[in-house]
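The next block holds one structure in the form of structure tokens; read it before the comments.
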Amino acid sequence: MAQHTVESVDTAAHRVTLALEVGMYPIEVLYGAAYVFIDRCFVLLDKDEGQSKGGRYLVHLRGKTDFSEKELLDLSGEFGNELLSQALRRKIVKQNQKIIEEITTQAIAGAAGGTLPTDFLDSSDDGMDFLDDPLGIAVPWEDKFKKKSAEQP
Amino acid sequence: MQVSDVISLGRVKADFAMPFNHRVVGQHYLVTNDLGDHLFLTPDELRRLSEGATVPGDGLYERLTAANLIAAKVDVKAQADRWKRKHQYLFYGPTLHAFVLTHRCNHGCQYCHSSIVGMDRTDTDMSIETAERAVDLVFQTTSPGVNIEFQGGEPLANWDVLQHIVEYARQKNALAGKTLSFSLVTNLSLMDDDKLDYLIDRKVQLCTSLDGPEDLHNKIRIYKDGNAHASVVGWMKKINQRYKDMGLDPNLYRVEALPTITKPGLTRWKDIVDQYVEVGCKAIFLRKLDPFGFASRSYKTLGYSMDEFLEFYANAAEYILELNKNGVQVMERHAALMLAKILTDQEPNYLDLRSPGGACVGQIGYAPDGSIYSSDEGRFVASMGDEMFKIGTVNDTYHHLMTNAQTRAMVMAGLNDGQPDCVNCVYKPWCGQQVEYNYKTQGSLQGRMRDSVWCKKHKRVFDWLMARVERADPEEMKIFERWTSTRVLDHYLQDRSALGDNAE
Numbered sequence: 001m002a003q004h005t006v007e008s009v010d011t012a013a014h015r016v017t018l019a020l021e022v023g024m025y026p027i028e029v030l031y032g033a034a035y036v037f038i039d040r041c042f043v044l045l046d047k048d049e050g051q052s053k054g055g056r057y058l059v060h061l062r063g064k065t066d067f068s069e070k071e072l073l074d075l076s077g078e079f080g081n082e083l084l085s086q087a088l089r090r091k092i093v094k095q096n097q098k099i100i101e102e103i104t105t106q107a108i109a110g111a112a113g114g115t116l117p118t119d120f121l122d123s124s125d126d127g128m129d130f131l132d133d134p135l136g137i138a139v140p141w142e143d144k145f146k147k148k149s150a151e152q153p
Numbered sequence: 001m002q003v004s005d006v007i008s009l010g011r012v013k014a015d016f017a018m019p020f021n022h023r024v025v026g027q028h029y030l031v032t033n034d035l036g037d038h039l040f041l042t043p044d045e046l047r048r049l050s051e052g053a054t055v056p057g058d059g060l061y062e063r064l065t066a067a068n069l070i071a072a073k074v075d076v077k078a079q080a081d082r083w084k085r086k087h088q089y090l091f092y093g094p095t096l097h098a099f100v101l102t103h104r105c106n107h108g109c110q111y112c113h114s115s116i117v118g119m120d121r122t123d124t125d126m127s128i129e130t131a132e133r134a135v136d137l138v139f140q141t142t143s144p145g146v147n148i149e150f151q152g153g154e155p156l157a158n159w160d161v162l163q164h165i166v167e168y169a170r171q172k173n174a175l176a177g178k179t180l181s182f183s184l185v186t187n188l189s190l191m192d193d194d195k196l197d198y199l200i201d202r203k204v205q206l207c208t209s210l211d212g213p214e215d216l217h218n219k220i221r222i223y224k225d226g227n228a229h230a231s232v233v234g235w236m237k238k239i240n241q242r243y244k245d246m247g248l249d250p251n252l253y254r255v256e257a258l259p260t261i262t263k264p265g266l267t268r269w270k271d272i273v274d275q276y277v278e279v280g281c282k283a284i285f286l287r288k289l290d291p292f293g294f295a296s297r298s299y300k301t302l303g304y305s306m307d308e309f310l311e312f313y314a315n316a317a318e319y320i321l322e323l324n325k326n327g328v329q330v331m332e333r334h335a336a337l338m339l340a341k342i343l344t345d346q347e348p349n350y351l352d353l354r355s356p357g358g359a360c361v362g363q364i365g366y367a368p369d370g371s372i373y374s375s376d377e378g379r380f381v382a383s384m385g386d387e388m389f390k391i392g393t394v395n396d397t398y399h400h401l402m403t404n405a406q407t408r409a410m411v412m413a414g415l416n417d418g419q420p421d422c423v424n425c426v427y428k429p430w431c432g433q434q435v436e437y438n439y440k441t442q443g444s445l446q447g448r449m450r451d452s453v454w455c456k457k458h459k460r461v462f463d464w465l466m467a468r469v470e471r472a473d474p475e476e477m478k479i480f481e482r483w484t485s486t487r488v489l490d491h492y493l494q495d496r497s498a499l500g501d502n503a504e
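In structure tokens:
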């Protein structure tokens, strides 16, 4: 499957629906990309369990103003670009995490006068990666629910 | 020129070269490292760098060594110190403090970035109480230098508060001992002799907008009470003459002006530059229309593509270079800032070309109601109804403003090291981003550089500049080097022991 596909375009409703395979992008990337569009569109994220092995995410973008068919298709293309950009940035930020944190800390400490809150940048000695998710906040509820259902006799 | 034709991954000697980025410029590969060193290499020289196929005495080895591109030859301690010097801005807080004294304005400029109101709306003026609280915050910055910039609306419309801020800040500085300066961004239409006497006496630097010849300027900068162009040019000449009469060097001391380039100006690059030379300007900052304020609404009539702007820019910049060859000393400011970073070890601390960008830790903006924004652009976004960049108010502590979650997010988002494209870009050591621009144009603080107008503009201006540097003859290099020489404008610095007239 391609990165994402246009599932449907409804010009009367100024809506385009995209589909992407679960697992193609981390869920945070999907959230991040979707968020970028909320000033122009009403965004609904959904999941289609049926067609492929892991299911598909469906992204419904409905324009807040009138969108032509071409504009709706452009919107879907831009969404794909945003997904890729967010995913790559996530990787780069992880790779460069140390230097990013050190420069940021220095810039803020330099500006603030050298005294920072103890929880600054959440860099307390908990041995955690900043992308770690110990509370499972980023885990889709569908996955949590499925797990519990599977455990039940 | 495909890099895959030059570099064979199987033959790369990974530990030979310092990490570098490259890009084809003219007939060469431009190569840079994170320290900002650069070299133009032929394809074969790039191959030899990647394979470590160069030895002392072959010329290339010496050039690579001088440019800190051979890992084993880098003096780590010296280069770490150099990196620190070039990133001195990381070690102190905001230097630029933009005070919006009022939203009132008597002009109706079609592209105005601020939210302006009629001259009767005195309720949009900054009060003395708010002004004093803001000045109190200014003096808490860890920066040894402070510039208080008066903006609007038209800041001269709130003259009493402007004067009060000058006196109050001078008084505070008697204790603080900072390098303090003031600047006033004005359309000059409310200027009179008394105000000018005061501003000159208090060494307030004057900056204005001049979009070009009369027809062009007046078409965009609408002033119903008179001829906007005649007013601004008349005052510029008068003020420049006052500086001259005071014995100040006219090459350094004059009214600074900025044009905003609009669609009608795209073909008028020669007229615009000539106008600046005619009024005695030594620098012209060819500023692209921003997507803020009225400009976002009038973009259909005033806007243009980035390609159109870059064609304009190259024409104007070539013309400026030609004028210099004919003995007329005038520079393009954007090119000059870039050249200072490219050709010297100076860091001009230009907030749009640094990493992290200037939001919050390089500048802050104070609105008349006491709201504080990440920058001038942050308050432009607010004027469009979006308070995304409000980091607090004058009632907050300075420490809170510098360490709160928004500030931290903006600093992190404004780092080149976290951006796809930027991390691999040959211009990375000299470039920067503006989170407000990213947000306004692409919906997130980080944006997407690959299809960002901001990135395209900077990349292409760097391309033009580096292509000119690559093929520059000695006369042209001398001109470029002259553009990078900076002299401190001592006259505008306040005497550290000066007390305002109202000091006790």
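Chains S and Z, in that order, are what the protein sequence lines are. Under the numbering used here, the first sequence has 23 at position 23, and the numbering climbs by one with no breaks. Under the numbering used here, the second sequence has 52 at position 52, and the numbering climbs by one with no breaks. Every residue gets a Cβ at the ideal spot worked out from N, C-alpha and C, and that includes glycine.
Q | Straight-line gap, Asn173/Z to Glu132/Z (C-alpha atoms, nearest Å) | A | In the second sequence, the residue the question calls residue 173/Z occupies position 173. In the second sequence, the residue the question calls residue 132/Z occupies position 132. Note on geometry: alpha-carbon atoms of Asn173/Z and Glu132/Z lie some 13 Å from one another.
**Q.** Which of helix, strand or coil DSSP assigns to Lys178/Z
**A.** Locating residue 178/Z in the second sequence gives position 178, where the first residue counts as 1. Shown here, Lys178/Z sits in coil according to DSSP, grouped into three states, outside any helix or strand.
Q) So with Cβ pairs under 8 Å, would you call Leu88/S a contact of chain Z? A) Locating residue 88/S in the first sequence gives position 88, counting from the first residue. Flagged as an interface residue toward chain Z: Leu88/S, by a C-beta distance shorter than 8 Å.
**Q.** Exposure label - Trp269/Z; buried when at least 16 CB within 10 Å
**A.** Counting from 1 along the second sequence, the entry for residue 269/Z is found at position 269. By the 10 Å Cβ count, Trp269/Z comes out buried.
Q | Delimiting residues of the beta strand (DSSP E) encompassing Phe99/Z | A | As a position in the second sequence, residue 99/Z is number 99, starting the count at 1. Counting along the chain, the unbroken beta strand (DSSP E) around Phe99/Z starts and ends at Leu96 to Val100.
Q: Give the single residue among Asp490/Z, Tyr253/Z, Ala336/Z and Lys244/Z whose Cα lies nearest to the Cα of Leu286/Z.
A: For the purposes of this step, residue 286/Z is taken as the residue at position 286 of the second sequence. Minimum Cα distance to Leu286/Z is reached at Ala336/Z.
Q: Kindly indicate if chain Z contains any beta-carbon less than 8 Å away from that of Phe130/S.
A: Looking up residue 130/S in the first sequence gives position 130. Low confidence applies to Phe130/S: its pLDDT is 49, below 50, so where it sits in the model is not reliable, and the reading given next is rough at best. Chain Z, which has no Cβ nearer than 8 Å to the Cβ of Phe130/S, makes this no.
Q. Hey, is Tyr350/Z's beta-carbon within less than 8 Å of any beta-carbon in chain S?
A. Your numbering for residue 350/Z matches position 350 in the second sequence. False, the Cβ-Cβ gap to chain S never drops below 8 Å.
Q | Proximity test, Cβ basis, 8 Å: Phe37/S and chain Z | A | One-based indexing of the first sequence puts residue 37/S at position 37. Interface with chain Z (8 Å Cβ-Cβ cutoff): Phe37/S is included.
Q. For the alpha helix (DSSP H) that Thr393/Z lies in, which residues bound it at each end?
A. For the purposes of this step, residue 393/Z is taken as the residue at position 393 of the second sequence. Not the alpha helix (DSSP H): Thr393/Z falls in the beta strand (DSSP E), residues Lys390 to Thr393.
Q) If we ignore side chains and look at the alpha-carbon of each, how far apart do Arg435/Z and Gly57/Z end up? A) What you label residue 435/Z is simply residue 435 of the second sequence in a count that begins at 1. What you label residue 57/Z is simply residue 57 of the second sequence in a count that begins at 1. Rather than Arg, the amino acid found at residue 435/Z in this sequence is Val. Going from the Cα of Val435/Z to the Cα of Gly57/Z covers about 47 Å.
Q) Which of the three DSSP states, helix, strand or coil, is assigned to Asn33/Z? A) Position 33 of the second sequence, counting from 1, holds the residue named residue 33/Z. Three-state DSSP puts Asn33/Z in coil, outside helix and strand.
Q.
Using 8 Å as the threshold, is the C-beta distance between Thr141/Z and Gly93/Z below it?
A. The count along the second sequence starts at 1 and reaches residue 141/Z at position 141. The count along the second sequence starts at 1 and reaches residue 93/Z at position 93. Taking 8 Å as the cut-off, the Cβ atoms of Thr141/Z and Gly93/Z count as close.
Q) If you follow the alpha helix (DSSP H) that Thr484/Z is part of, which residue opens it and which one closes it? A) Your numbering for residue 484/Z matches position 484 in the second sequence. Its alpha helix (DSSP H) spans residues Pro474 to Thr484.
Q: Enumerate in chain order the residues of its own chain whose CB-to-CB distance from Phe309/Z is below 6 Å, with the five nearest sequence positions on each side excluded.
A: Here the question's residue 309/Z lines up with position 309 in the second sequence. Excluding the 5 residues flanking it on each side, Phe309/Z has same chain C-beta neighbours closer than 6 Å at Lys288, in chain order.
Q) What span of residues does the alpha helix (DSSP H) with Lys47/S cover, start to end? A) Counted from its first residue, the first sequence places residue 47/S at position 47. For Lys47/S, there is no enclosing alpha helix (DSSP H); the residue is part of the beta strand (DSSP E) that begins and ends at Cys41 to Asp48.
Q. Which chain S residues sit within Cβ distance under 9 Å of Val423/Z?
A. As a working note, residue 423/Z is residue 423 in the second sequence. Result: Ile92, Gln95 and Asn96.
Q: Taking the CB atoms as reference points, tell me whether His217/Z and Leu210/Z lie closer together than 8 Å.
A: As a working note, residue 217/Z is residue 217 in the second sequence. As a working note, residue 210/Z is residue 210 in the second sequence. Yes, the Cβ-Cβ distance between His217/Z and Leu210/Z is below 8 Å.
Q: Spell out a yes or no on whether the stretch 419-433 of chain Z and the stretch 270-280 of chain Z are touching, meaning 3 or more CB-CB pairs, one atom from each, closer than 8 Å.
A: Taking 8 Å as the limit for Cβ pairs, the verdict is that the stretch 270-280 of chain Z does not touch the stretch 419-433 of chain Z.
Q.
By the 9 Å beta-carbon criterion, what residues does the stretch 104-115 of chain S contribute toward chain Z?
A. Within the stretch 104-115 of chain S, Thr104, Gln106, Ala107, Ile108, Ala109, Gly110, Ala111, Ala112, Gly113, Gly114 and Thr115 place their CB atoms closer than 9 Å to a CB of chain Z, listed in sequence order.
(Q) Tell me which residues of the stretch 8-24 of chain S have at least one Cβ-Cβ distance to chain Z shorter than 9 Å, keeping chain order. (A) So nothing in the stretch comes that close.
Q: Could you tell me the distance, in whole angstroms, from the CA atom of Phe462/Z to the CA atom of Glu49/S?
A: In the second sequence, the residue the question calls residue 462/Z occupies position 462. In the first sequence, the residue the question calls residue 49/S occupies position 49. It is roughly 49 Å from the alpha-carbon of Phe462/Z to the alpha-carbon of Glu49/S.
(Q) I'd like to know if the stretch 354-365 of chain Z and the stretch 105-114 of chain S are in contact, where contact means that at least 3 CB-CB pairs between them fall below 8 Å. (A) Short answer: they touch.
Q | Residue environment, Glu151/S, which counts as buried when at least 16 other CB atoms sit within 10 Å | A | Start at 1 with the first residue of the first sequence, and residue 151/S comes out as number 151. In this predicted model, Glu151/S has a pLDDT of only 48, less than 50, meaning its place in the structure is not dependable; the value taken from the coordinates is given anyway. Label assigned to Glu151/S: exposed.
Q: Output the distance between the C-alpha atoms of Thr262/Z and Val277/Z, rounded to the nearest integer angstrom.
A: For this step, residue 262/Z is matched to residue 262 along the second sequence. For this step, residue 277/Z is matched to residue 277 along the second sequence. Each residue's alpha carbon lies about 20 Å from the other.
Q: Consider the Cβ of Pro144/Z: report whether some Cβ of chain S lies at a distance smaller than 8 Å.
A: Translated into positions along the second sequence, residue 144/Z becomes position 144. So, not an interface residue.
Q.
Bridge partners for Thr260/Z per DSSP, in chain order?
A. Looking up residue 260/Z in the second sequence gives position 260. Paired residue(s): Arg287/Z.
Q.
Please identify, using Cβ separations under 9 Å, the residues of the stretch 60-86 of chain S that lie next to chain Z, in order along the chain.
A. Those residues of the stretch 60-86 of chain S that come within reach of chain Z (Cβ to Cβ, closer than 9 Å) are Glu78, Asn81, Glu82, Leu84, Ser85 and Gln86.
Q | Residue-level contact to chain S via CB, Gln446/Z, 8 Å cutoff | A | Here the question's residue 446/Z lines up with position 446 in the second sequence. Taking Cβ atoms only, chain S reaches closer than 8 Å to Gln446/Z, which makes this a yes.
Q: Kindly say whether His399/Z, judged by its beta-carbon, lies nearer than 8 Å to any beta-carbon of chain S.
A: In the second sequence, residue 399/Z corresponds to position 399, counting from 1. Closer than 8 Å: yes.
Q: Note down the Cα distance separating Thr102/Z from Leu252/Z, rounded to an integer number of angstroms.
A: In the second sequence, residue 102/Z corresponds to position 102, counting from 1. In the second sequence, residue 252/Z corresponds to position 252, counting from 1. Going by the C-alpha atoms only, they are around 30 Å apart.
Q.
Using the Cβ count rule (16 or more neighbours within 10 Å means buried), how would you classify Asp125/S?
A. On the first sequence, residue 125/S is found 125 positions in, with the first residue counted as 1. Interpretation of Asp125/S is limited by its pLDDT of 47, a score under 50 that renders its predicted location unreliable; no figure is taken from the coordinates.
Q. Ile99/S touches chain Z at which residues, Cβ-Cβ below 8 Å?
A. On the first sequence, residue 99/S is found 99 positions in, with the first residue counted as 1. Ile99/S reaches chain Z at Asp417, counting residues in chain order whose Cβ is nearer than 8 Å.
Q: Could you list which residues in chain S have their beta carbon closer than 8 Å to that of Phe91/Z, in chain order?
A: Counting from one through the second sequence, the residue named residue 91/Z turns up at place 91. What Phe91/Z touches in chain S: Gln106 and Gly110.
Q: On a CA-only basis, which of Glu256/Z, Trp430/Z, Gly385/Z and Ser444/Z is nearest Ser115/Z? Give me that one, please.
A: As a first step, residue 115/Z must be located in the second sequence, where it is residue number 115. Ranked by Cα distance from Ser115/Z, the first of Glu256/Z, Trp430/Z, Gly385/Z and Ser444/Z is Gly385/Z.
Q. Whose C-beta lies closer than 6 Å to the C-beta of Asn416/Z among residues of the same chain, with five residues either side of it excluded?
A. Counting from 1 along the second sequence, the entry for residue 416/Z is found at position 416. Once the five neighbours on either side are set aside, the close Cβ partners of Asn416/Z are Ser355, Cys422 and Lys428.
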